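Student: Chains as they are written, first to last, in my numbering: chain B, 42 to 539; chain D, 18 to 509; chain S, 2 to 127. In this text, a Cβ means the ideal position worked out from N, Cα and C, and glycines have one as well. Just so it is clear, the structure is predicted and the values come from calculations on it, not from any experiment. Got a structure for you, written out below as C-alpha cells; questions coming shortly.
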Amino acid sequence: MEAATESIRPFLAIIVSMLAIPLIVASGEKRPNLREAWTLIAATIKAGLVFSMLPAVLAGETFTCRLLEISPGVALELEADPLGMIFAIVASTLWLLTSFYSIGYVRGAGEHKQTRYFASFALCLSATIGISFAANLLTFFVFFETLTLATYPLVLHKETEEAKAGARKYLCYTLPAGLALLTAIAITWGLAGTMDFRAGGILNGSMATTGQLRILFVLFILGVGVKAGLMPIHSWLPAAMVAPTPVSALLHAVAVVKAGVFGVLRVTGFVFGPELLGDLGTGTALAWIAGITLTMASLLAMKQDNLKRRLAYSTVGHLSYIVLGAALINAWSWTGATLHLMFHATMKITLFFCAGAIYVRTHKVNISDMVGIGRQMPFTMTAFAIGSLGLAGIPGINGFVSKWGLASGAVAAEQPIFLGLLVLSGILNAAYFFPIVHQAFFKQNDAFPRLGEASPLMVAPLCVTAALSLLLGVAPNIGIHAWELANLTARAVTGGAI
Amino acid sequence: MIESTLPIGVPLLLLGGAIVTVGAGLVRRSAAWPITLVVLVLSALVSVRQLLVVLAEGPLTHRLGGWPPPIGIEFAVDGLSAFVTSVVVVIALLVLLYARDAVRRETPEEEVPFFALLQVLLLGLTGMVLTGDLFNLYVFFEISSLAGYALVGLGSREAPVSAFRYLLLGSLGASFYLMGVGYLYVLTGSLNMADVASILPGLIGNPTLTIAMTMMVAGLSLKMALFPLHGWLPDAYTYASSTATAVIAPIMTKVSAYVLIRVLFFVCDPALRATIPVGSTVAWLAATGIVVGSVMAIAQSDVKRMLAYSSVAQVAYIGVGIGLGTPFALIGATLHILSHATMKSCLFLVTGSVQLQTGRRSLHSYEGLGRVMPWTFAGFTLAALAMIGIPPTAGFFSKWYLVLGGINAGEWPIVLIVVASSLLTAGYFFRLMEKIYANPSPSLKANDPGMLARISIMALGAGVLVLGVANFWFVGEVLQPALPATLRLTGM
Amino acid sequence: MIDLFIGRWPYVLTVVLMLIGLYGMLVKENFLKKLIGMNIFQSAIILFFIVHAFKWGATVPVYDHHLGDAVEAYINPIPHGLMLTAIVVSVATTGVGLALLVRIYRAFGTLEEPQVLERMQSRNRS
Chain B
42 MEAATESIRP FLAIIVSMLA IPLIVASGEK RPNLREAWTL IAATIKAGLV FSMLPAVLAG
102 ETFTCRLLEI SPGVALELEA DPLGMIFAIV ASTLWLLTSF YSIGYVRGAG EHKQTRYFAS
162 FALCLSATIG ISFAANLLTF FVFFETLTLA TYPLVLHKET EEAKAGARKY LCYTLPAGLA
222 LLTAIAITWG LAGTMDFRAG GILNGSMATT GQLRILFVLF ILGVGVKAGL MPIHSWLPAA
282 MVAPTPVSAL LHAVAVVKAG VFGVLRVTGF VFGPELLGDL GTGTALAWIA GITLTMASLL
342 AMKQDNLKRR LAYSTVGHLS YIVLGAALIN AWSWTGATLH LMFHATMKIT LFFCAGAIYV
402 RTHKVNISDM VGIGRQMPFT MTAFAIGSLG LAGIPGINGF VSKWGLASGA VAAEQPIFLG
462 LLVLSGILNA AYFFPIVHQA FFKQNDAFPR LGEASPLMVA PLCVTAALSL LLGVAPNIGI
522 HAWELANLTA RAVTGGAI
Chain D
18 MIESTLPIGV PLLLLGGAIV TVGAGLVRRS AAWPITLVVL VLSALVSVRQ LLVVLAEGPL
78 THRLGGWPPP IGIEFAVDGL SAFVTSVVVV IALLVLLYAR DAVRRETPEE EVPFFALLQV
138 LLLGLTGMVL TGDLFNLYVF FEISSLAGYA LVGLGSREAP VSAFRYLLLG SLGASFYLMG
198 VGYLYVLTGS LNMADVASIL PGLIGNPTLT IAMTMMVAGL SLKMALFPLH GWLPDAYTYA
258 SSTATAVIAP IMTKVSAYVL IRVLFFVCDP ALRATIPVGS TVAWLAATGI VVGSVMAIAQ
318 SDVKRMLAYS SVAQVAYIGV GIGLGTPFAL IGATLHILSH ATMKSCLFLV TGSVQLQTGR
378 RSLHSYEGLG RVMPWTFAGF TLAALAMIGI PPTAGFFSKW YLVLGGINAG EWPIVLIVVA
438 SSLLTAGYFF RLMEKIYANP SPSLKANDPG MLARISIMAL GAGVLVLGVA NFWFVGEVLQ
498 PALPATLRLT GM
Chain S
2 MIDLFIGRWP YVLTVVLMLI GLYGMLVKEN FLKKLIGMNI FQSAIILFFI VHAFKWGATV
62 PVYDHHLGDA VEAYINPIPH GLMLTAIVVS VATTGVGLAL LVRIYRAFGT LEEPQVLERM
122 QSRNRS
C-alpha cells in the first residue's frame, strides 16, 4: 500500500487562491494591474504547491491533511492521491495560463465588473483543487457546492437577459443535483459507516439489497452527472456558454465539467468499486448512457453554427468518453479515462482560447462568418487545427493516446460495441471540426478586414496549450509523468495492470 | 447540581435595566440606548460565563427566596439552557448595535419605551429558558409575549392591528399551555420540572397525561409559529418596525422551540414519549409547514413578508428535528436554533437598512442595490446562502444533521421534504439575488448604513460561515453534553 | 353518559365558559368583543384551577390549632396562589390589548375588523 504523509501542502494549495480574493477585491477596478498581479501570484504559488507534491506521489506516497471535524467522525480531510493529482495538475496549470489569457480577454473585450470576475475565478479554483484533493464524500460535497456557487456569478457576468436565463438554467440543474448527491452521501454513511474514498470502493453487496444499492448509484450519478454533462441532463452546458470565453474555457472545459467526471470516477472507483458495479450491472448501464451521449452530442455539434456552442456539444461528447472509461472500470479503460481527463483539457482549452481570440479581434461568433480567418490569425488557427485534430484522435496528438486507452478498455471489457461507438465518434469529431479549419485556411474571403492576431497575452497561452497537446501526444510520459500517474490510479482502483 | 447565583444574573440585570431605562428616559431620551447597551453587554458576559461554568462543572441551580424545590421556585441551568440564553442575549446585543439609528428614525416618539420593552422581552425569554418550574415558565412566557405585542405594535400604522391579532392568538396559546400545566399538576401534584420528570414514569398510560402533553405542545407550537398555528407571524413581522422584527424573529420562536425540547425530552422520558403520539404529529405538521412556508414565501412580493414566511419554514425545520427525536435530529434542531437565529437576524437587519436608506421594501425595488450597498448585501448573500443550505455555512450543517436523523428514523418522506425544500428556498433567494446584483439601477442613491449597523450585519454574516465550519465544535462541546444521555450519539 | 357529568358540573361549566370565550374571539368582528372573549376564556381556565383545588368540608389554608396537621382539612393553597398570578397576567394582557385598541382606533377610526382591513388595504393601494 501507499505510504501516507501528513502535510499541510494540499490545504495550502486550496487556500492560496481564497486568500487572493480579499486582495483582489481591495485592489478593485482602480488598480487593475495590481489586481491582476494578485491573480498571477496566487496561480503561480498554487501550481508550484501542486507540482511540489508530484515526485512523492509518483513514488507511491500520498499527502494527507486532516482539518476540522465537521460531522461526527468526519473531518474536512484532504488527500493528494494519484487521481487527485491528475485533476489538480490540470486545473492549476491551466488556471495560470487562463489568467494570462483572461487579462488579455477582459481588457480586449472591455468587460465590466472585472473585479468580481477575477474574485469569482479565484474562488472557483480553490473549490476545484478542493474537489481534487477531497479525501471523503462530505469534503468533496462542500467543495462541489462551493464550485456551483462560485461559477454562478461568472455565468451571469454579462447580465443580459440571455446570461440571466443561462445562469438560472445552470442553477436549476446543479442545485437539485447537489441535493441528490447530499442524500446519496447521507445514505452511504448510514450503510458503510465511513465516507472516505478508498480505491476499490467502500460499499459491498452485503450492506443493502441490490435494488437499494442501484437506487443509491442512480442518486450518485444524478448528483455528479449533471456537471459531467451526461444526457439527458446536459442542456445547462450549452446555455452556460453565454459566459465570457475564458470562463467557458476554464470552467466549462476544465473545472466544472471535469469536477463532474472526476466525481463519476470517485463514485465508481472509490465508493462502489469494480466488483460491486459488476454485480449490480450498473456499470454497464452507465456505459450505455455514456455511449449514447457521446454519439448524440457529436451529432448535435454538427448542427451548431455558433462556435462556442459547437465546442460545448463537443465537450459533452468528450466528457462521456471519460464516463465510459469509469463505467467499464478495467485497468485499460481507467488509464484511458484519467488520461482523457487531462488531455481533453489541454485540447479543448486551446479551442476555447481560439474562439475567444477570434471574438475579441473580430466580434464574430458564428462559424459561417469565419471564412478565410486563418490568413489573418495564423497562430490562432494553427493551434485550433492541432486541438481539433487531437480531439478527432489523430496519432501524434495527445487525444490519440487517451482514446487508445479507452478503446483497449472496451476490448478488455469484451464490449466491442463501445469500441465501435468510439471510432464512430472520432469520425464525427473530424466531421464537425475539419470544415472550420478548412474554410479558415483554404477559402478566400476578401471582405474580411485586415486585423491580425489578438494581443500576445491571448495568443501565447493558446500556443502553449497547443504545444502541450502535441508534446504529450508524442511523449505522454514526459514532464509530469501523466501516463505513470494514470497507471498508478488504475492499478489501485482495479487491481489490474496494463 | 451546584448552588449558584449565576442563573438569576441575566434576568435580574435585564429587569434592573428596564427600570433604569424608563427612569433615565424621563430625564433624557437619548440615555435609553447606552443604558440598554451596557445592560446587554453585561448580560452577554454573564450568560457566556454561565455557559462556561456549566460546561466545566455541571448544572447550576438557584432557589428563589431560599425555598427548596419542589415547593419553591428553582432556576436550573444545564448546558442546553445556558446555550440558548447565550444565543438570545448575544443576538439581541448585535441587533442592538443596529437599533440606535434605526429606532431613532423609525419610531422617534417611542425611543425610551422601545428599549425598555426590549429588555423586558429579553427578561421574559431568558426567564423561560432558565426557570426550572413549569408555572414560572408560564409567567415568563406571558412577560415575553406582552413585551412582544407592545414592540410589534410600535411599528407602522398597520402594526397595532397585527399586534392585536398576535395578542389574541398568543394569549390563546399561553392559555393552552397553562391548561396543560394544570392537568399535569392535577396528575403529579408538582410543578418543578425535575420533580415532575421523576413522577411521570409511574403514570404511563394515563389518558389525562396525553391531554396534558397535547395542550402544552399546542400552546408552545403556537408561540413557536409551527404550522398550522403560524397565522399570526407574517403580519406581525411585516408591520413591526425593522428593529422589533430583527429581535423578535430570530429569538422568540427559538425560545419556544427550546421549551418544547425541554418538555418533551427532559420532563418526559423515552418510555413515556413512546406512548404519546406527539412526536410524529409534530414531525409531520412541521414537514408540511416547511413546504407551505416556502411556497408562501415564493408567492410574496414584499421582501420582509417573504422572510416572514421563510421563518415559518425554517422554524418548521426545528419542529422536524424535535418531532423525529433521534440523536442526530435533535442535534439538527438545536444547531438550527443557533444558525437560524444568526442568519435571520442578519437578513432582517438588511431589509431594515434598505427600508431606512431608500424606503424600498418590494422585491422588485431591490434592483441594483448590491452595487450601492456592497457591505450590507455581502452579509445578506452569506445569510441567504445559509438559508438555502449551501455548505460550508451553518444552515447546511443543521439540515445535514436533520437528514441524517431522518434516515436513522427511516422517515423517508420527511428526508425528501427537508432535502427538496432547499430548492424552494433557493427559488426565492436567487430570484432576489439576481435583482440585487444583475439589474443595474443607475438612478439609485443609497449607501451602506452607519458603522454600528454595518458591524452587526457583517458580524452576523461572518458568524454564519464560522458557525458552519466550526459546527462540530459546538455539537461536540456544547450541544452533546447538553442533551439527555439517552439522546446523545453513541461513542461521543 | 350522565355519570360523566354528575359531580363534575363545575368542570362542565368551565368548558362551556371556555367555548363561549373562544366563540367571542374567533367569530365576533369587533376587536373589543374579541378582547372580551379572550377575557372570558382566561377566566374559564382560572376557574378550572380553582375548582380543582376545591374540597368539601375543608377550610382556608391558614394553620388552625383546632385542626392541627390534618392535611385533608385544608384546601390546597398552591392553585389559588398560581391563579392570583394568572389573574395579574390576564389583567396585564387586557391592558396591553386595550392600549393597542386605542392606537387602532386613532389610526383607523373604527374597531370593526372588516372596516379596519378595508382601510388598511385602500391605504396600501394608494
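When Cβ atoms are compared, which residues of the region 222 to 247 of chain B fall closer than 8 Å to chain D?
Tutor: Per Cβ criterion, the list reads 223, 224, 227, 228, 230 and 231.
Student: Give me the chain D residues within the contact set of residue 9 (chain S), using Cβ-Cβ distance strictly less than 7 Å, ordered along the chain.
Tutor: Position 8 of the third sequence, counted from the first residue, corresponds to residue 9 (chain S). Under the 7 Å cutoff, chain D gives no residues; its nearest Cβ is about 13 Å from residue 9 (chain S).
Student: Measuring CB to CB, does residue 488 (chain D) end up less than 8 Å from residue 374 (chain D)?
Tutor: For the purposes of this step, residue 488 (chain D) is identified with residue 471 of the second sequence, where counting begins at 1. For the purposes of this step, residue 374 (chain D) is identified with residue 357 of the second sequence, where counting begins at 1. Cβ distance not < 8 Å, so residue 488 (chain D) and residue 374 (chain D) don't count as in contact.
Student: Less than 8 Å between the C-beta atoms of residue 258 (chain D) and residue 123 (chain D), yes or no?
Tutor: On the second sequence, residue 258 (chain D) is found 241 positions in, with the first residue counted as 1. On the second sequence, residue 123 (chain D) is found 106 positions in, with the first residue counted as 1. Their beta carbons are under 8 Å apart, which means residue 258 (chain D) touches residue 123 (chain D) by this criterion.
Student: Give a yes or no on whether the C-beta atoms belonging to residue 186 (chain D) and residue 249 (chain D) are separated by under 8 Å.
Tutor: Indexing the second sequence from 1 puts residue 186 (chain D) at position 169. Indexing the second sequence from 1 puts residue 249 (chain D) at position 232. Closer than 8 Å, so yes.
Student: Taking 8 Å as the CB-CB limit, is residue 455 (chain D) close to chain B?
Tutor: Walking along the second sequence from the start, residue 455 (chain D) turns up at place 438. True, the Cβ-Cβ gap to chain B drops below 8 Å.
Student: Apart from the five residues just before and just after residue 105 (chain S), which ones in its own chain have a Cβ nearer than 7 Å to its Cβ?
Tutor: As a working note, residue 105 (chain S) is residue 104 in the third sequence. Closer than 7 Å at Cβ, skipping near neighbours: 32, 112 and 117.
Student: For chain D, check one thing: does any of its Cβ atoms lie closer than 8 Å to the Cβ of residue 111 (chain B)?
Tutor: Mapped onto the first sequence, residue 111 (chain B) falls at position 70. By this cut-off, residue 111 (chain B) is an interface position.
Student: Kindly give me the distance between the Cβ atoms of residue 218 (chain B) and residue 264 (chain B), rounded to whole angstroms, as I take these residues to be in contact under 8 Å.
Tutor: As a working mapping, residue 218 (chain B) is identified with position 177 in the first sequence. As a working mapping, residue 264 (chain B) is identified with position 223 in the first sequence. Confirmed, about 5 Å.
Student: Taking the alpha helix (DSSP H) that residue 64 (chain D) belongs to, which residues open and close that run?
Tutor: The residue labelled residue 64 (chain D) in the question sits at position 47 within the second sequence. First-last of the alpha helix (DSSP H) with residue 64 (chain D): 49 to 74.
Student: Here's the rule I'm using: 16 or more other beta-carbon atoms within 10 Å means buried, otherwise exposed. How should residue 315 (chain B) be labelled?
Tutor: Position 274 of the first sequence, counted from the start, is the residue given in the question as residue 315 (chain B). The residue in question, residue 315 (chain B), is buried, as its Cβ has 16 or more Cβ neighbours within 10 Å.
Student: May I have a chain-ordered list of the alpha helix (DSSP H) segments no shorter than 4 residues that lie completely inside the region 9 to 42 of chain S?
Tutor: Taking only runs of at least 4 residues, the alpha helix (DSSP H) segments lying wholly in the region 9 to 42 of chain S are 10 to 28.
Student: Does residue 392 (chain D) get closer than 8 Å to chain B when you measure Cβ to Cβ?
Tutor: Taking the second sequence and counting its residues from 1, the one referred to as residue 392 (chain D) is at position 375. So no, residue 392 (chain D) is outside the interface.
Student: Name the chain D residues whose beta carbon is nearer than 7 Å to that of residue 83 (chain S)?
Tutor: In the third sequence, the residue the question calls residue 83 (chain S) occupies position 82. Here the neighbours are 152.
Student: Residues of chain D with a CB under 9 Å from the CB of residue 102 (chain S): which are they?
Tutor: Indexing the third sequence from 1 puts residue 102 (chain S) at position 101. Near residue 102 (chain S) (Cβ distances below 9 Å), the residues of chain D are 177 and 181.
Student: Within 8 Å (strictly less), CB to CB, does residue 200 (chain B) reach chain D?
Tutor: The residue given as residue 200 (chain B) occupies position 159 in the first sequence. Yes, residue 200 (chain B) counts as interfacial toward chain D.
Student: By how many angstroms is the C-alpha of residue 241 (chain D) removed from the C-alpha of residue 501 (chain D)?
Tutor: Within the second sequence, numbered from 1, the residue matching residue 501 (chain D) stands at position 484. Within the second sequence, numbered from 1, the residue matching residue 241 (chain D) stands at position 224. Answer to the nearest angstrom: the Cα atoms are 22 Å apart.
Student: DSSP state of residue 45 (chain D), grouped into three classes?
Tutor: Walking along the second sequence from the start, residue 45 (chain D) turns up at place 28. Here residue 45 (chain D) sits in coil by DSSP.
Student: Should residue 439 (chain D) be flagged as near chain B, meaning a C-beta pair shorter than 8 Å?
Tutor: Counting from one through the second sequence, the residue named residue 439 (chain D) turns up at place 422. With 8 Å as the cut-off, residue 439 (chain D) counts as an interface residue toward chain B.
Student: Tell me whether the beta-carbon of residue 39 (chain B) lies closer than 8 Å to the beta-carbon of residue 156 (chain B).
Tutor: Any answer about residue 39 (chain B) is impossible in this case: the structure gives chain B only from 42 up to 539.
Student: Could you say if the region 335 to 347 of chain D and the region 424 to 442 of chain D meet the contact criterion of at least three C-beta pairs nearer than 8 Å?
Tutor: Taking 8 Å as the limit for Cβ pairs, the verdict is that the region 424 to 442 of chain D does touch the region 335 to 347 of chain D.
Student: Can you give me the Cβ contacts of residue 86 (chain B) inside the same chain, cut-off strictly under 7 Å, excluding the 5 residues immediately before and after it?
Tutor: The residue given as residue 86 (chain B) occupies position 45 in the first sequence. Excluding sequence neighbours, residue 86 (chain B) sits near 57.
Student: Quickly, what does DSSP pair residue 77 (chain D) with across the bridge? List them, please.
Tutor: Counting from 1 along the second sequence, the entry for residue 77 (chain D) is found at position 60. DSSP lists D:19 and D:94 as partners of residue 77 (chain D).
Student: What separation, rounded to the nearest whole angstrom, lies between the Cα atoms of residue 325 (chain B) and residue 59 (chain B)?
Tutor: In the first sequence, residue 325 (chain B) corresponds to position 284, counting from 1. In the first sequence, residue 59 (chain B) corresponds to position 18, counting from 1. When rounded, the distance between both Cα atoms is 40 Å.
Student: Please list, in chain order, all residues of the same chain as residue 225 (chain D) whose beta carbon is under 8 Å from its beta carbon, the five residues on each side excluded.
Tutor: Here residue 225 (chain D) refers to the residue found at position 208 when the second sequence is read from its first residue. Once the five neighbours on either side are set aside, the close Cβ partners of residue 225 (chain D) are 200, 203 and 204.
Student: Once the 5 residues before and after residue 177 (chain D) are set aside, which same chain residues still bring their CB inside 7 Å of it?
Tutor: Here residue 177 (chain D) refers to the residue found at position 160 of the second sequence. Result list for residue 177 (chain D): 170, in chain order.
Student: By the three-class DSSP mapping on this structure, what secondary structure does residue 177 (chain B) have?
Tutor: The sequence position of residue 177 (chain B) within the first sequence is 136, counting from 1. Strand.
Student: What span of residues does the beta strand (DSSP E) with residue 235 (chain B) cover, start to end?
Tutor: In the first sequence, residue 235 (chain B) corresponds to position 194, counting from 1. Counting along the chain, residue 235 (chain B) falls outside any beta strand (DSSP E), and DSSP gives it neither H nor E.
Student: Apart from the five residues on each side of it in sequence, which residues of its chain come closer than 8 Å, Cβ to Cβ, to residue 40 (chain S)?
Tutor: Taking the third sequence and counting its residues from 1, the one referred to as residue 40 (chain S) is at position 39. The residues are 22, 91 and 95.
Student: Determine, using beta carbons only, whether residue 308 (chain B) and residue 196 (chain B) come nearer to each other than 8 Å.
Tutor: Counting from one through the first sequence, the residue named residue 308 (chain B) turns up at place 267. Counting from one through the first sequence, the residue named residue 196 (chain B) turns up at place 155. For residue 308 (chain B) and residue 196 (chain B), no; Cβs fall outside 8 Å.
Student: For the region 193 to 204 of chain D, which residues have a beta carbon sitting closer than 7 Å to at least one beta carbon of chain S?
Tutor: If the cut-off is 7 Å between Cβ atoms, the region 193 to 204 of chain D has 195, 196, 199 and 203 near chain S.
Student: Got a sec: is the Cβ-Cβ distance from residue 86 (chain S) to anything in chain D below 8 Å?
Tutor: The sequence position of residue 86 (chain S) within the third sequence is 85, counting from 1. Yes, because at least one Cβ of chain D sits closer than 8 Å to the Cβ of residue 86 (chain S).
Student: Three-state secondary structure (DSSP) at residue 115 (chain B)?
Tutor: Indexing the first sequence from 1 puts residue 115 (chain B) at position 74. DSSP places residue 115 (chain B) in strand when its eight states are reduced to three.
Student: Can you tell me whether residue 50 (chain S) is helix, strand or coil according to DSSP?
Tutor: As a working mapping, residue 50 (chain S) is identified with position 49 in the third sequence. Residue state, collapsed to three classes: helix.
Student: Using beta-carbon positions only, say whether residue 5 (chain D) and residue 209 (chain D) come within less than 8 Å of one another.
Tutor: In the structure as shown, chain D starts at 18 and stops at 509, and residue 5 (chain D) therefore has no counterpart that could be examined.
Student: Spatial neighbours of residue 42 (chain B) within its chain, please: C-beta separation below 8 Å, excluding the five flanking residues on both sides.
Tutor: Locating residue 42 (chain B) in the first sequence gives position 1, where the first residue counts as 1. Note on residue 42 (chain B): pLDDT 43, under 50, position unreliable in the model; the coordinate value appears next. Closer than 8 Å at Cβ, skipping near neighbours: no residue.
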